[in-house]
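Trainee:
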Amino acid sequence: MARRYSVQRQRGFTLIALFCFVLLYLPMVTLVAYAFNAGISTSNWEGVSLRWFHAAAANERIIDATLRSLTIAPIAGLIATVAATMAALATTRTAPYPGLTFKYAFINQPLMVPEIVTAVALLVVFSQVKVWTGYSGLGYLIAAHTAFCIPFAYLPIKARLETMDLTLERAAADLYARPWMVFRRVTLPLLWPGILAGFMLAFVVSLDDVVITEFVKSAGQETLPTYMLGQLRRQATPEMNAISTVFLGLSIAVVTLFFFLSRRKD
Amino acid sequence: MAGANRGITDLTAGKIAIKARGITKVFHGAGNAAFKALDRVSVSIRENEFFTLLGPSGCGKTTLLRLIAGFEYPDEGEILLDGKDIALLTPHQRPVNTVFQSYALFPHMTVGENIGFGLEMLGKPRREIAARVDEMLRLVRMEALKDRRTSQISGGQQQRVALARALAPQPKVLLLDEPLSALDYKLRKEMQVELKRLQHETGITFIFVTHDQEEALTMSDRIAVMSGGSILQVGTPREIYDSPDKRFVADFIGEANFLPATVLSASGDAAKVALGAGAEIVAGLPHGERPDGKVTVMVRPEHAEIASGTSGATLAGTLESAVYLGTDTHLNVRLGDGSSFVVRRQNDRCTEAGFVPGMPIGVLIRDGAAQVLKY
Ligand SMILES: Nc1ncnc2c1ncn2[C@@H]1O[C@H](COP(=O)(O)OP(=O)(O)OP(=O)(O)O)[C@@H](O)[C@H]1O
Ligand SMILES: [Mg+2]
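Heads up: the sequence lines are chains A and B, in that order.
First residue of the first sequence: 1, per our numbering; consecutive thereafter.
First residue of the second sequence: 1001, per our numbering; consecutive thereafter.
#1: When every heavy atom of ligand 2 is checked, does at least one fall within less than 7 Å of the C-beta of residue 1209/B?
#2: In the DSSP assignment, find the alpha helix (DSSP H) that holds residue 101/A and state where it starts and stops.
#3: Within 7 Å: the Cβ of residue 1178/B and any heavy atom of ligand 2?
#4: Roughly how many whole angstroms lie between the Cα atoms of residue 1379/B and residue 1164/B?
#5: Measuring straight from C-alpha to C-alpha, what distance separates residue 1339/B and residue 1298/B?
#6: Spell out the partners DSSP gives residue 1267/B in its beta bridges.
#7: In three-state terms, what does DSSP make of residue 191/A?
#8: Along the alpha helix (DSSP H) that carries residue 1136/B, what are the first and last residues, could you check?
#9: For residue 1320/B, name the three-state secondary structure that DSSP assigns.
#10: Any beta-carbon of chain A closer than 8 Å to the one on residue 1121/B?
#11: Would you tell me roughly how many angstroms separate the C-alpha atoms of residue 258/A and residue 73/A, rounded to the nearest one?
#12: Are the beta-carbon atoms belonging to residue 1114/B and residue 1105/B less than 8 Å from one another?
#13: Using the C-alpha atoms, what's the distance from residue 1342/B back to residue 1324/B?
#14: In the DSSP assignment, the beta strand (DSSP E) including residue 1186/B goes from what residue to what residue?
#15: Sort 1375/B, 1269/B, 1348/B and 1202/B by Cα distance to residue 1295/B and report the nearest one.
#16: Kindly say whether residue 1029/B, judged by its beta-carbon, lies nearer than 8 Å to any beta-carbon of chain A.
#17: Less than 7 Å between C-beta atoms, sequence neighbours within five positions excluded: which residues of the same chain meet that for residue 1132/B?
#18: Could you say which of 219/A, 245/A and 151/A lies nearest to residue 203/A if we only look at CA atoms?
#19: Quick check: the Cα distance between residue 1218/B and residue 1076/B, rounded to an integer number of angstroms?
#20: What is the DSSP secondary structure of residue 46/A, counted as helix, strand or coil?
#21: Identify the contact partners of residue 1118/B in chain A, using a Cβ-Cβ distance below 7 Å as the criterion.
#22: Does any residue of chain B have a CB that is nearer than 8 Å to the CB of residue 197/A?
#23: Going by other Cβ atoms of all chains shown within 10 Å of its Cβ, with 16 needed for buried, is residue 1144/B buried or exposed?
#24: Select from 1101/B, 1064/B and 1103/B the residue whose C-alpha is nearest the C-alpha of residue 1087/B.
#25: Below 8 Å on the Cβ atoms is my contact criterion, and I expect residue 1222/B with residue 1234/B to pass it. Report the Cβ-Cβ distance as a whole number of Å.
#26: Taking 7 Å as the cut-off, is the CB of residue 1350/B close to at least one heavy atom of ligand 4?
#27: Pull up the distance between the alpha-carbon of residue 1096/B and that of residue 1170/B, whole angstroms please.
#28: For the alpha helix (DSSP H) containing residue 1121/B, list its first residue and its last residue.
#29: For residue 186/A, which residues from the same chain have a beta carbon less than 7 Å from its beta carbon, with the 5 sequence-adjacent residues on both sides left out?
#30: What are the start and end residues of each continuous beta strand (DSSP E) run of 3 or more residues lying completely inside the segment 1055-1095 of chain B, in chain order?
#31: CB-CB under 6 Å to residue 236/A, same chain, minus the five flanking residues each way: which ones, in chain order?
#32: Report the neighbours of residue 165/A on chain B: residues whose CB is nearer than 8 Å to its CB, in chain order.
#33: Near residue 327/A, which residues of its chain fall below 8 Å by C-beta distance, leaving aside the five closest residues on each side in sequence?
#34: Could you check what DSSP says for residue 1366/B in three-state terms: helix, strand or coil?
#35: Name the DSSP beta bridge partners of residue 1225/B, please?
#36: Between residue 1062/B and ligand 2, is the CB less than 7 Å from at least one heavy atom?
Following this line, the structure appears as C-alpha cells:
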C-alpha cells in the first residue's frame, strides 16, 4: 500500500532527482578532475598530473593566506561558540516573555541582514577605529567573523537545548550540585554534541567567507577565499582547482570528524 | 496487611520533620491571570513517617512537593525543617532529595555514577562514596548492574536507581512524586512493597504523592487528602476511610452513601441523629466538631446491612439491581425519597441470596456505622 503512493513513483521523479544531482555534483566533479590536469587550462584535458598541487604547495602567498584563514576560523569559531552557548542558555532557560522573539531576531541578525550591508558598515566603522587606534592587525577580521558566526553556532546549540530534559538539571541541583556544577556535570556534557556542531558550522562559515573579509581586511591580509578571488580575476589555472580540492577534502574531513565525535557522545 | 506492623504510638508522638505553615503559592499564567495553586496550606509531617499527599489532578500535590524541594518558592508562609525555615533556600542547600516521576537519571553516567552523584557533590571522600554506592545497590538489589548505562536498564530498574540515588546522601526527607505511575500493574505492586521496606530500613521520612487511593491506603502511615489547593483532612488510612469529615474526602476515597439527617443530641465523639426517613441512629462526629441542626451523614456500602424484615430496618426501599462481583454483591436500593443507596454484601458459597429486582427491601445501619460530615 505504502509503496503505491511512494514519492518515488510520482511521474518525473527520476528526472528531477537526476537533474538536482547533476546540478549539485557535476561542477564539483569537474573541479576536482581538472585539479589533476597536466595542462594549464581548466577546460582542456591534457593528462593526469599532480603539478598544480605541487605548485600550490610551493606558492608562498597561498601558504600565507591559508595560515591566515586557519588562524581566523578557529579563533572566531571558538569565541562565537562560547557567546552562542551563553545566548542559547539565556534564551531557552527562561519562561517565554514578550520580547523573546525579538531577541532571537537580534541574535540571528547576520542571517537576515544582507552581508554586503554588514560589510560596508564594518568597513566604515573599522576604518575610523583604525585611524583612532593605529592598530591594523587581524583583530578586525576576527571580530567581524565572530559576529557573523554567532547565529550559525547558536542554532544547533539552541535546538539541542530545547530537546534537553530540564528535570535533569533540577535533579542535579536536588543532589547538592551548585549552579556551576550543574552546568559542568550535567548541562555541558549533554549539550556537547550541539556545541560541537555549532563550532564546526561557525568554523566552516568563517573559512568560507569572502564578502565581509574583502571589505574589512587591511592591505596584505588575504585569506584563502579572497586570495583565490583575486587570482581568478587575473588568470584561472588548475592551481585554483587544486586549492579548492584540498579545501573540499578538508571540509569533508571536518564534517566526518564531527559526525563521529557527536555519535560517540550520544 | 500493611497496617499490621504500624505502631499506633509513634503516630501520635514522634518529632516533627517538616512543618508547613500557611503556604500560599500563586502562579501567574499567560495574560497575567493569577492562579492560586496552594491556599494557606499548613501540615506537620513527622520523622520516620510514610506520609502521602492524595488528591485529584491539579489539586496542588506536585506544587507542595516542589516547594519543599526548593524548585519553587512560596508567596506566603514558611516551611520548617527541624525547626529552621528552608522556604527560601535553593535546592542544593536543603537536606531533601527527590525521586522524579520521570526518574531523571543522568543519561551520560552509569548506574553507579548516578547513585554516587549526590555524595560527590557533597565532597565526600572517594572511598566513602564507593562504599555507599555499593551499599545502595545492595539495598535496591541492583548489584549486578552498577556499570550499565541508564539507557540499558528496564523501567523498573531505573526506578530503583532513582530511589538509590535519592537515598544515597541520606536526606532528612525523601520526596516521591507519583514514582510508580509509569510502571505496569504487577511491577507497581512489587515496588509498593519495596518502597515500604526501604522506608522501614532507612528510617527516612517519605513524602509520597499519588492520586491512587488504594496505593495511599495500603502504604501510608498518614494521608493528607487535598483538593483545590487546600488540605481537607489529615489522618491514618483508617481514620480517612472510616471517619472522613468532609463529603469530598468520603467520596474521593472508596464509595460512600450520603443521607440527610438532623442532629438530636451529641456527646463525646458520637451523636444521635434522625435520618430523613425518621429512623434514629448513632453516628460518629468529626474530630473536635459539634455540629447541630441539619447535617449529612456518610455510610460506606459495606458498613450497611440488609435487614431480615422490613420492620427492623433503618431505611426502607425497593431493590433496583443486584450486581454479583465475585467476592461480594452490590445491592442498589431505591429509597422512599427517590435517592439510591448501595449496600455491599460479602458472598458465601452456601446461601443463595435470592434477590429479585423490584422486591421491597430494608437497609440496616447499626449504631456507629455512619459518620457525620462537616460539609
Ligand atoms: N508553573 C506553573 N505555572 C502555572 N500554573 C501552574 C504551574 N505549575 C502548576 N500550575 C497549576 O497549579 C495547579 C496545581 O498543579 P500541581 O502540578 O501541583 O497539581 P497536582 O496535584 O500535582 O496534579 P497531578 O495529579 O495532575 O500531577 C494546576 O492547576 C496547575 O495547572
Ligand atoms: Mg503532580
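The C-beta atom is built at its ideal place from N, Cα and C for all residues, glycine as well.
Since the model is a prediction, treat every value here as computed from it, not as a measurement.
Mentor: This is what the structure gives:
#1: In terms of side-chain proximity, the C-beta atom of residue 1209/B is found nearer than 7 Å to a non-hydrogen atom of ligand 2.
#2: Counting along the chain, the unbroken alpha helix (DSSP H) around residue 101/A starts and ends at 100-107.
#3: Taking 7 Å as the cut-off, the C-beta of residue 1178/B counts as close to a heavy atom of ligand 2.
#4: Residue 1379/B lies beyond the range of chain B shown here (1001 to 1375); nothing can be said about it.
#5: Taking the CA atoms as reference points, residue 1339/B sits about 14 Å from residue 1298/B.
#6: According to the DSSP secondary-structure assignment, residue 1267/B is paired through a beta bridge with 1270/B.
#7: Reduced to three states, the DSSP call for residue 191/A is helix.
#8: Under the DSSP assignment, residue 1136/B falls in the alpha helix (DSSP H) whose first and last residues are 1126-1139.
#9: DSSP places residue 1320/B within a strand segment (E or B) once states are collapsed to three.
#10: Answer yes: the Cβ-Cβ gap between residue 1121/B and chain A drops below 8 Å somewhere.
#11: Cα-Cα distance, rounded: 16 Å.
#12: The criterion of a C-beta distance shorter than 8 Å is satisfied by residue 1114/B and residue 1105/B.
#13: Rounded to the nearest angstrom, the two C-alpha atoms are 13 Å apart.
#14: Counting along the chain, residue 1186/B sits inside no beta strand (DSSP E); it lies in the alpha helix (DSSP H) bounded by residues 1185-1202.
#15: Closest by alpha carbon: 1375/B.
#16: Not an interface residue.
#17: Excluding sequence neighbours, residue 1132/B sits near 1119 and 1168.
#18: Closest option to residue 203/A, Cα to Cα, is 151/A.
#19: So the two alpha carbons sit approximately 33 Å from each other.
#20: Of the three classes helix, strand and coil, the one that applies to residue 46/A here is coil, per DSSP.
#21: Against residue 1118/B, the close residues of chain A are 175 and 176, in the order they occur along the chain (beta-carbon pairs closer than 7 Å).
#22: False, the Cβ-Cβ gap to chain B never drops below 8 Å.
#23: With fewer than 16 other Cβ atoms within 10 Å, it is exposed.
#24: With distances taken between Cα atoms, residue 1087/B lies closest to 1064/B.
#25: That pair is a contact at about 6 Å.
#26: Looking for ligand 4 in the displayed structure turns up nothing; the ligands present are ligand 1 and ligand 2.
#27: Their backbone Cα atoms lie some 9 Å apart in a straight line.
#28: Start and end: 1111-1121.
#29: Within the same chain, 168, 169 and 172 come within 7 Å of residue 186/A by CB-CB distance, once the 5 residues on both sides are set aside.
#30: Note on the segment 1055-1095 of chain B: whole beta strand (DSSP E) runs with a minimum of 3 residues are 1076-1081, in chain order.
#31: Within the same chain, residue 236/A has close Cβ partners 42.
#32: Residue 165/A reaches chain B at 1102 and 1104, counting residues in chain order whose Cβ is nearer than 8 Å.
#33: Coverage of chain A is limited to positions 1 through 266, which leaves residue 327/A absent and any answer about it impossible.
#34: It is coil, neither helix nor strand.
#35: Residue pairing of residue 1225/B in beta bridges, as defined by DSSP: 1054/B and 1233/B.
#36: Yes; taking the cut-off as 7 Å, the Cβ of residue 1062/B has a heavy atom of ligand 2 nearer than that.
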